[in-house]
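Residue numbers (my numbering), protein chains in the order written: chain B, 1 to 299; chain R, 300 to 626.
We put the beta carbon where it would ideally sit given N, CA and C, even for glycine.
A quick note: this is a predicted structure, and the numbers were derived from the prediction, not measured.
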């Protein structure tokens with residue numbers, strides 16, 4: 001059978017030509033100009049957050065009342081100082097660290113909860129009703145109110161802000177994952193794994209979860225923006241970071257009283273929040289396009 | 300039943316197996332009715348044979364395959380594998396039996412996890428069912444790849460890098476990876492083009508010989524079934540219509556439904572026109588199958604008796620069974 005031998009000499013592509021999904025996604029992502037700006041801003045934030053002690057020129061919490069309320073571009077304080085004479089730039093740099101930490105913490109916790117609930121409710125139809133009703137319950141609260149409620153119960157601290165924001169992310173994440181699980185569960189390869197005698201756990205973790213990563217990644221990126229913004233909001237309301245922690249929202253809150261005399265106290269952290277939220281949203285959007293299965297078709 | 304063939308060893312014996320899917324409706328999701336996908340199948344599958352199961356779309360042939368494998372829970376009936384009753388066993392007790400029974404799927408594009416390398420996919424069954432070391436698993440996977448006509452280098456590849464025929468080979472390798480004795484092939488070649496079909500069928504035959512496999516070959520392609528199978532079961536609306544050795548069935552189809560089905564095969568013989576039997580009407584709904592003989596609504600020979608009484612499953616000659624009042 002000549003066709004038989006032909007199939008043995010099948011198109012063995014050279015190894016370097018191998019097409020990893022992650023590389024092709026990254027390629028499509030960097031084609032998006034706005035996404036590059038977003039990625040750049042995120043990169044800067046990560047850089048500042050990780051190496052905050054190197055970038056900061058002063059101790060972010062050290063007061064120096066003789067240097068209070070200096071405007072930007074003052075010698076020694078290029079972004080000026082606040083009403084206690086603390087260096088704005090140093091506070092901004094350490095603030096990047098806090099907002100990144102809270103954002104990642106809240107998103108990771110939220111994903112852990114949401115993915116677990118989503119997998120369980122999508123896979124086991126019996127749990128679906130119960131879990132989805134709980135999720136509906138969480139949905140019924142406006143997000144920031146829910147976060148405030150949780151903080152009111154747990155007390156004000158940054159750790160509790162993380163918990164509050166992560167709980168707020170759980171319902172959306174659970175819904176997204178459940179939807180993907182429902183469609184993937186019907187695929188024949190899941191049935192194939194069942195016929196091989198794979199346990200439910202193995203099927204869920206090794207076969208369903210990797211195939212619903214795309215929407216989860218997009219959700220996580222977008223959620224970072226929400227988490228950072230909500231942390232700032234909660235801190236602004238006095239429910240998150242407490243003074244003298246250099247949190248961006250708290251900085252705006254503190255700057256309110258000086259907004260006519262020293263507007264830079266609220267403008268600078270405000271711009272920082274805006275840039276970062278914009279960056280994560282834009283990258284999330286671009287990721288969604290890049291991961292779109294419709295565009296994934298190789299030619 | 301099957302008294303004549305007692306000399307052959309029965310591998311899998313099923314008795315009056317039914318699979319009904321409830322249809323729920325209304326506010327309280329009460330069960331309104333059932334889709335009778337498989338409605339009372341009694342069958343012995345012999346060791347080493349290839350049993351073809353044919354019928355129209357929706358006649359329950361795939362469901363029968365899945366129910367036999369335990370992928371669907373049978374609504375009713377007794378299933379005995381190598382003499383052991385499988386009903387009422389816990390999933391843990393069933394694990395050794397699952398190892399003996401595997402499935403090859405219709406769609407080679409949907410039956411492989413797109414995010415999993417081929418090597419890992421093949422290794423997975425070995426992880427579940429054997430306690431081989433990673434090195435042992437690797438060499439077993441390499442051996443499997445070669446056995447189905449692929450190469451060791453394919454270990455690191457992802458499914459999208461393969462053609463349909465190659466993917467089907469991977470599916471076959473996965474099915475035989477844990478040395479099963481019984482494989483349900485659910486239309487394994489219907490998604491492939493004809494030249495690849497021939498290769499895959501040849502591979503299935505070779506593997507059967509080498510590993511002493513028993514196949515249940517579900518198909519709507521009567522040509523392939525004739526080529527590959529030893530015995531053929533014809534199904535209609537979840538019920539058995541005719542069961543016979545392949546030569547007898549094709550030479551001498553007895554049930555009117557089988558006759559109609561076989562007359563639909565195109566015959567490449569010049570000047571010999573066989574008359575095509577055209578069935579009237581649509582396939583009745585499996586939710587509400589006709590009383591009596593399920594086929595009576597479309598049967599050219601239907602009588603009053605057919606409308607009232609479900610025909611008995613009887614043997615008309617050696618190993619040739621039929622459910623019809625009039626033959």
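Practice prompt. Please determine, among 458(R), 442(R), 457(R), the residue with the shortest C-alpha to C-alpha distance to residue 451(R).
Written response: Walking along the second chain from the start, residue 451(R) turns up at place 152. Nearest C-alpha to residue 451(R): 442(R).
Practice prompt. Drop a sphere of 10 angstroms on the beta-carbon of residue 327(R), count the other beta-carbons inside from all chains shown, and report buried for 16 or more, exposed for fewer.
Written response: As a working mapping, residue 327(R) is identified with position 28 in the second chain. Exposed: under 16 other Cβ atoms inside 10 Å.
Worksheet item: In or out: residue 321(R) buried (at least 16 other Cβ within 10 Å) or exposed?
Response: Taking the second chain and counting its residues from 1, the one referred to as residue 321(R) is at position 22. That one is exposed.
Discussion item. Out of 77(B), 114(B), 91(B), 81(B), which one is the CA nearest neighbour of residue 60(B)?
Written reply: Your numbering for residue 60(B) matches position 60 in the first chain. Minimum Cα-Cα distance from residue 60(B) among the listed residues 77(B), 114(B), 91(B), 81(B) corresponds to 91(B).
Fill in: For residue 110(B), the nearest candidate out of 88(B), 82(B), 128(B), 147(B) (CA to CA)
Stepping through the first chain from its first residue, residue 110(B) is reached at position 110. Comparing Cα-Cα distances from residue 110(B) to each of 88(B), 82(B), 128(B), 147(B), the minimum goes to 147(B).
Worksheet item: Within the 7 Å Cβ cut-off, does residue 478(R) reach chain B?
Response: Residue numbering aside, residue 478(R) sits at position 179 when the second chain is read from its first letter. With 7 Å as the cut-off, residue 478(R) does not count as an interface residue toward chain B.
Fill in: residue 115(B) classed as buried or exposed, judged by whether at least 16 other C-beta atoms fall within 10 angstroms
For the purposes of this step, residue 115(B) is identified with residue 115 of the first chain, where counting begins at 1. Buried.
Discussion item. For residue 235(B), tell me which candidate among 76(B), 200(B), 84(B), 273(B) has the shortest Cα-Cα distance.
Written reply: For the purposes of this step, residue 235(B) is taken as the residue at position 235 of the first chain. Ranked by Cα distance from residue 235(B), the options 76(B), 200(B), 84(B), 273(B) are led by 273(B).
Discussion item. Determine whether the beta carbon atoms of residue 343(R) and residue 312(R) lie at a separation below 7 Å.
Written reply: Translated into the one-based positions of the second chain, residue 343(R) becomes position 44. Translated into the one-based positions of the second chain, residue 312(R) becomes position 13. In contact: residue 343(R) and residue 312(R) (Cβ atoms closer than 7 Å).
Practice prompt. At 7 Å on the CB atoms, spell out the chain B contacts of residue 401(R), in chain order.
Written response: Here residue 401(R) corresponds to residue number 102 of the second chain, with the count starting at 1. Within chain B, the residues near residue 401(R) are 195.
Item to complete: Starting from residue 530(R), follow its DSSP beta bridges and name the residues at the other end.
Response: Position 231 of the second chain, counted from the first residue, corresponds to residue 530(R). Bridge partners of residue 530(R): 350(R), 544(R).
Worksheet item: Which residues in chain A sit within 7 Å of residue 398(R), going by Cβ to Cβ distance?
Response: Of the protein chains in this structure, namely B and R, none is chain A.
Worksheet item: So residue 509(R) is in the beta strand (DSSP E); what residue range does that whole segment cover?
Response: Residue 509(R) sits at position 210 when you count from the first residue of the second chain. Where residue 509(R) is concerned, there is no enclosing beta strand (DSSP E), although the alpha helix (DSSP H) it sits in stretches over 493 to 510.
Item to complete: Using a Cβ-Cβ cut-off of 7 Å, state whether residue 282(B) counts as contacting chain R.
Response: The residue labelled residue 282(B) in the question sits at position 282 within the first chain. No - not a single Cβ of chain R is within 7 Å of the one on residue 282(B).
Worksheet item: Tell me, which residues are paired with residue 342(R) by DSSP?
Response: As a first step, residue 342(R) must be located in the second chain, where it is residue number 43. Answer is 313(R).
Worksheet item: Would residue 188(B) be called buried (16 or more neighbouring beta carbons within 10 Å of its own) or exposed?
Response: Along the first chain, one-based indexing puts residue 188(B) at 188. Answer is buried; the Cβ neighbour count reaches 16.
Worksheet entry | Integer-rounded CB distance, given that residue 229(B) should sit under 8 Å from residue 181(B) | As a working note, residue 181(B) is residue 181 in the first chain. As a working note, residue 229(B) is residue 229 in the first chain. Contact doesn't hold; Cβ gap of about 29 Å is too wide.
Fill in: Reference residue 506(R); option with closest CA among 518(R), 529(R), 482(R), 407(R)
Taking the first residue of the second chain as 1, we reach residue 506(R) at position 207. Of the listed residues, the one whose Cα sits closest to residue 506(R) is 482(R).
Practice prompt. Report the residue from 510(R), 500(R), 432(R) whose alpha carbon sits nearest the alpha carbon of residue 489(R).
Written response: Along the second chain, one-based indexing puts residue 489(R) at 190. For residue 489(R), the nearest C-alpha among the options comes from 500(R).
Fill in: Rounded Cβ spacing between residue 578(R) and residue 609(R) (contact assumed at less than 8 Å)
The residue labelled residue 578(R) in the question sits at position 279 within the second chain. The residue labelled residue 609(R) in the question sits at position 310 within the second chain. With a Cβ gap of about 20 Å, residue 578(R) and residue 609(R) do not count as contacting.
Discussion item. For residue 287(B), which residues in the same chain have their Cβ closer than 7 Å to its Cβ, ignoring the five residues on either side in sequence?
Written reply: Position 287 of the first chain, counting from 1, holds the residue named residue 287(B). Taken in chain order, the residues that qualify are 29, 217, 218, 221.
Worksheet item: Between residue 123(B) and chain R, is there a C-beta pair that is closer than 7 Å?
Response: Within the first chain, the letter at position 123 stands for residue 123(B). No, because no Cβ of chain R sits closer than 7 Å to the Cβ of residue 123(B).
Practice prompt. Could you tell me the distance, in whole angstroms, from the CA atom of residue 309(R) to the CA atom of residue 346(R)?
Written response: What you label residue 309(R) is simply residue 10 of the second chain in a count that begins at 1. What you label residue 346(R) is simply residue 47 of the second chain in a count that begins at 1. The straight-line gap from Cα to Cα measures roughly 6 Å.
Discussion item. According to DSSP, is residue 430(R) part of a helix, a strand, or is it coil?
Written reply: As a first step, residue 430(R) is located in the second chain; it is residue number 131 there, counting from the start. Reduced to three states, the DSSP call for residue 430(R) is coil.
Worksheet item: Out of curiosity, what's the CA-to-CA distance linking residue 356(R) and residue 613(R)?
Response: Taking the first residue of the second chain as 1, we reach residue 356(R) at position 57. Taking the first residue of the second chain as 1, we reach residue 613(R) at position 314. Roughly 25 Å separates the two Cα atoms.
Worksheet entry | Closest residue to residue 212(B) among 224(B), 179(B), 128(B) (Cα-Cα distance) | Along the first chain, one-based indexing puts residue 212(B) at 212. Among 224(B), 179(B), 128(B), the Cα nearest to that of residue 212(B) is on 179(B).
Fill in: CB contact flag (residue 530(R), residue 368(R), <7 Å)
Along the second chain, read from residue 1 onward, the residue named residue 530(R) stands at position 231. Along the second chain, read from residue 1 onward, the residue named residue 368(R) stands at position 69. Not a contact, by the Cβ cut-off of 7 Å.
Worksheet item: For the beta strand (DSSP E) that contains residue 481(R), what are its first and last residues?
Response: For the purposes of this step, residue 481(R) is taken as residue 182 along the second chain, with counting starting at 1. First-last of the beta strand (DSSP E) with residue 481(R): 481 to 485.
Fill in: Length of the line joining the Cα atoms of residue 112(B) and residue 99(B)
As a first step, residue 112(B) is located in the first chain; it is residue number 112 there, counting from the start. As a first step, residue 99(B) is located in the first chain; it is residue number 99 there, counting from the start. Spanning the two alpha carbons is a distance of roughly 20 Å.
Worksheet item: Which residue from 611(R), 516(R), 402(R) puts its Cα closest to that of residue 470(R)?
Response: For the purposes of this step, residue 470(R) is taken as residue 171 along the second chain, with counting starting at 1. Ranking 611(R), 516(R), 402(R) by Cα distance to residue 470(R) puts 402(R) first.
Fill in: Alpha-carbon to alpha-carbon, residue 149(B) and residue 82(B)
The count along the first chain starts at 1 and reaches residue 82(B) at position 82. The count along the first chain starts at 1 and reaches residue 149(B) at position 149. If you take the alpha carbons of residue 82(B) and residue 149(B), they lie about 31 Å apart.
Practice prompt. State yes or no: is the beta carbon of residue 445(R) nearer than 7 Å to at least one beta carbon in chain B?
Written response: Here the question's residue 445(R) lines up with position 146 in the second chain. Judged by the 7 Å Cβ criterion, residue 445(R) is not in contact with chain B.
Worksheet entry | Neighbouring residues, chain B, relative to residue 424(R) (Cβ below 7 Å) | Here residue 424(R) is taken as the residue at index 125 of the second chain, counted from 1. Simply 196.
Discussion item. Suppose you measure from the CA of residue 380(R) to the CA of residue 118(B); what does that come to, to the nearest Å?
Written reply: If you number the second chain from 1, residue 380(R) lands on position 81. If you number the first chain from 1, residue 118(B) lands on position 118. The straight-line gap from Cα to Cα measures roughly 37 Å.
Worksheet item: Do you know offhand how far residue 480(R)'s Cα is from residue 458(R)'s?
Response: Mapped onto the second chain, residue 480(R) falls at position 181. Mapped onto the second chain, residue 458(R) falls at position 159. Approximately 26 Å between the Cα atoms of the pair.
Worksheet item: What residue range is occupied by the uninterrupted beta strand (DSSP E) comprising residue 379(R)?
Response: As a working note, residue 379(R) is residue 80 in the second chain. Here the beta strand (DSSP E) through residue 379(R) covers 375 to 380.
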